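Asks:
Protein chains in written order, with the working numbering: chain A, -19 to 838; chain B, 4 to 238.
#1: Out of A:524, A:139, A:10 and A:186, which one is the CA nearest neighbour of residue 682 (chain A)?
#2: Determine, using beta carbons only, whether residue 667 (chain A) and residue 507 (chain A) come nearer to each other than 8 Å.
#3: Hey, could you find the ends of the alpha helix (DSSP H) residue 213 (chain A) is sitting in?
#4: Please list, in chain order, the chain A residues whose beta carbon lies closer than 9 Å to that of residue 90 (chain B).
#5: Cα-Cα, which of A:592, A:813, A:777 and A:797 is closest to residue 424 (chain A)?
#6: Helix, strand or coil: which one does DSSP assign to residue 70 (chain B)?
#7: Identify the contact partners of residue 460 (chain A) in chain B, using a Cβ-Cβ distance below 7 Å as the criterion.
#8: Within this structure, are the beta carbons of residue 43 (chain A) and residue 219 (chain A) separated by less than 8 Å?
#9: Excluding the five sequence neighbours on either side, which residues of its own chain have a C-beta within less than 8 Å of the C-beta of residue 133 (chain A), listed in chain order?
#10: Does residue 795 (chain A) come out as helix, strand or coil in the three-state DSSP assignment?
#11: Measure the CB-CB distance between residue 253 (chain A) and residue 426 (chain A) and report whether it falls below 8 Å.
#12: Using DSSP's beta-bridge definition, name the partner residues of residue 178 (chain B).
#13: Tell me the rounded alpha-carbon separation between residue 2 (chain B) and residue 436 (chain A).
#14: Here's the rule: buried if 16 or more other CB atoms are within 10 angstroms of the residue's CB, otherwise exposed. What is residue 194 (chain B)?
#15: Taking Cβ positions only, does residue 119 (chain B) come closer than 8 Å to chain A?
#16: List the residues that DSSP assigns as beta-bridge partners of residue 98 (chain B).
#17: Does the beta carbon of residue 147 (chain B) sit closer than 8 Å to a beta carbon anywhere in chain A?
#18: I'd like the list of long-range same chain contacts for residue 800 (chain A), defined as Cβ closer than 7 Å, with 5 residues on each side in sequence excluded.
#19: Can you tell me where the alpha helix (DSSP H) holding residue 145 (chain B) begins and where it ends?
#20: Going by C-alpha to C-alpha distance, which of A:321, A:516, A:754 and A:367 sits closest to residue 708 (chain A)?
#21: Please confirm whether residue 378 (chain A) has its beta-carbon closer than 8 Å to some beta-carbon of chain B.
#22: Tell me whether the beta-carbon of residue 823 (chain A) lies closer than 8 Å to the beta-carbon of residue 753 (chain A).
#23: Let me make sure I understand the geometry here. Which of B:151, B:142, B:209 and B:90 has the alpha-carbon closest to that of residue 123 (chain B)?
#24: Since residue 738 (chain A) meets chain B, which of its residues come closer than 7 Å, beta carbon to beta carbon?
#25: By how many angstroms is the C-alpha of residue -9 (chain A) removed from the C-alpha of residue -16 (chain A)?
#26: Can you look up residue 540 (chain A) in the DSSP assignment and give me helix, strand or coil?
#27: Looking at residue 227 (chain A): is its Cβ nearer than 8 Å to the Cβ of residue 365 (chain A)?
#28: For residue 620 (chain A), which of helix, strand or coil comes out of DSSP?
#29: Given that residue 452 (chain A) touches chain B, what residues does it touch there, using C-beta distances under 7 Å?
#30: Name the two residues that bound the continuous beta strand (DSSP E) containing residue 34 (chain B).
#31: Between residue 39 (chain B) and the ligand HEM, is there a pair consisting of the residue's CB and a ligand heavy atom that are separated by less than 7 Å?
#32: Do the region 162 to 171 of chain A and the region 25 to 41 of chain A meet, that is, are 3 or more Cβ pairs less than 8 Å apart?
#33: Along chain A, which residues have their Cβ under 8 Å away from the Cβ of residue 216 (chain B)?
#34: Contact check, residue 47 (chain B) vs residue 209 (chain B) under 8 Å by CB: the rounded distance?
#35: Restricting to Cα atoms, I'd like to know which of A:603, A:735, A:627 and A:648 is closest to residue 619 (chain A).
#36: Between the Cα of residue 797 (chain A) and the Cα atoms of A:294, A:492 and A:307, which residue gives the shortest distance?
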């Protein structure tokens, strides 16, 4: 109780007196906490939406029967029906459809057996009991009926009983809306954008007669693992019994990896904010040493003093966090859309229906903010503990000249930076690059600790030159910074952190974009891409009808074609894409971004069907390398082929395996076309007109049965998605820089306030206001220059870690390391100007109190 | 800078008043002070804490400006001076010595002494030569590369005196120069100020509680509640 009173008397009143400084620090922490909280909440909303969607979709199934890369034949149902271990089963089909007559987004159509599915998934039709039963029966007995969720009905502007025409890859048909789903269970899948129909209608609509996506199974309570193995043996060899949570778990793992990466990035702002807390608490300790000594002489224990300053730091944390709440609520609205779109583009499709205020996420945000602030206050609080009571009797005479630990700190710094090297070589823990992040943290700490030595060197080396060429204010600034010790240097650490992050992310994003551009130019080459209608959203599962394929082959437009078939597969628990493509023609027009293997030799082996080409992501995730054997089962064919090369590919973080179409057809089975791309042979003249002509010819012949996109548009859209993905990163980065600018303001203000007596002496011995202000400005320039140079060096090391360690361990890919000198040359001077602008409040603070008063003895 | 003719006072104050605003009210630093000091005098200014000694010294040093009244130091009208005029005045006319020395901790002894000359854009080599001469005279030549935290109190105050002399000021103002020193070092500092007055003919004003300077003073002034009670008392 007494402590609280003392805290109020000693700390709160002091903060109230110097409310301006306290406000800057609170604002810095609030910005950091707001970014951290809103990023976590936004990813959490996507994650919980995804998990909820997958859970509702999985229902009570204990196992799921699938045929990798293809559809299950219905003929397998009698095996299940007759097996003693099977309790219930439910066949299922899904696809994305869209309304024909009104443009809009596609939504998920689920085909179920309404009777069998009751045992697996929760879904009810709205209305009273009789009405619901009647509508349920309509679904079974009346073909082309469906049930919509309420949000979807609202979006499509359609009511129960009305009719709507739907488009699918192979067909268009009119459906009657038999009823509306209650908002529970299956109705909540995909953010409520779901329609249910009878499986027979589904098969007829999509042309998948006698075929299924999967069959969900539950087993009798007495069924043993041996019984389940027995069932597996009795099923055709190409079928697999999988865990229903496999897709959810792999998707969750990907989103969690993304969440961790964004959390770390967003923590940067909070980390930079930590320097602000440190600066102010350290100032309070330094400026109030005599008061602390008086408290000690009156009986306060060192622990009490320690707690006073620790609580002061935590107060900044708590206050900043509370200020962050309104900021977060604004920021999260922006992030929610961007994050869910990025997750949908890169990992798994998510539909976020709204923000979920998770108590755990709120607790994490508060905890991290408090711990960060307390961590920042720890060292100054320890310094306060060491103030001896006898200082109450002493008169400060010479002032503190310098810390004597500069060299020791430099050695620690070197140790931290060097310790990062072995850490960065360690593999991630459960797919999370923890050692890599630790290496980054050590890098930041190392450079922050190195800055006192750097400033000392800078001051020492530059002082004579400055005196000669820049005058006495610059000289005095250099001398001050030489001796300023760790405190100022720690504040420089804030700028180093922000500049390093900026540099690293500029390099990483540019490298990534440069490599993606290269990939897009080579691997996504082609003049016109043709797929089945809605082929992209249905992940190319449906083949182009044979009649259309025959027609496409015969089109005489002076173009080569490269047909392909993509299969969504799993390698163990790891999802990937297998693509059979017309390799020879493709390699004559486009190519791959080679990573490992001799390109000449690999091309030859690929075109001769001697092996598969795997993407870097696939290699990283599965551990497969050149010479290893890739094994899988596709549509009943057992495939066993050596890996002949590794390439860079960024279409998905799931990885890709390429194989020659011709040889797939010869050795295994006819894979059917899921897409084709055309390359015009004559490259001398402009191809845009010919692409339009080809597109028109296809539309004229087959109407809207096919989706088409010009190669130019496709490549541009890939790069646009890339830029949108990194828009979030850019926002987070700018906020970190803003917090660093606040750090510069605080640091310089602290420097001015701490030395008000020295500045007054300068005034008394003949220094003009202009000279003294120039000196402060020079100090700011040195701090910013040192922060920028060290930040740049730290940033290049960090960029290397991001490209070759963090990205590889998080997403499985790396990029060609390319530095965007232009962007750096343009941005870094801007940062310098911003940081110098942040010095203005400090310069204005000089001589707020009259020099005569400051020189008077206490 | 105007200079002072020999027959005119170096310090002339008439009805000099300094009032500090404090909250809703105000505090009187000095009130209606009238004072004339002739060139070459050594004036000891005495009074209790808060009597107005330091306020008067701040005004004389050009660190502060009077609320009302006239103040002229070495021919410079400080009542109407602003900005750069005051800066030039502090550089060229006065040298200040403080109770707590106020040396800059990041500069060594030689640099601290040279500082006022360098701030005044004087030639660096000439400044160095003169600073070394002063340090030699004050017995600090072997300490020239030391920083203030490596000096004793007496050495720090002698450095401060050297700094006050580097620009050849006509007037030396010392605010409690012995307040932080033991009696031996205190006596040394007072002797130096006495030498400056007697040998180098500088006008010296010392504000102090102590009696150490009494014997050297050509004049004593007692100040109480912001007013001079005895302007012509002889030591």
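Using N, Cα and C, we set each Cβ at its ideal position, and we do this for glycine too. All values reported here derive from a predicted model rather than from experimental measurement.
Replies: Short version:
#1: A:524
#2: yes
#3: 205 to 214
#4: 743, 746, 747, 748, 749, 750 and 751
#5: A:777
#6: coil
#7: 109
#8: no
#9: 139, 140, 157 and 160
#10: coil
#11: no
#12: B:210
#13: Outside the shown range of chain B, which is 4 to 238, sits residue 2 (chain B), and nothing can be said about it.
#14: exposed
#15: yes
#16: B:175
#17: no
#18: 486, 487 and 490
#19: Residue 145 (chain B) -> no alpha helix (DSSP H), and no H or E assigned at all.
#20: A:321
#21: With a pLDDT of 45 at residue 378 (chain A), under the threshold of 50, the predicted position of this residue should be treated as unreliable, and no value is reported.
#22: yes
#23: B:90
#24: 107
#25: 10 Å
#26: strand
#27: no
#28: strand
#29: 121 and 122
#30: 28 to 40
#31: Summarising the ligand content, the structure contains no ligands, and the ligand HEM is consequently not present.
#32: yes
#33: What residue 216 (chain B) touches in chain A: nothing, since even the nearest Cβ is about 18 Å away.
#34: 5 Å
#35: A:648
#36: A:492
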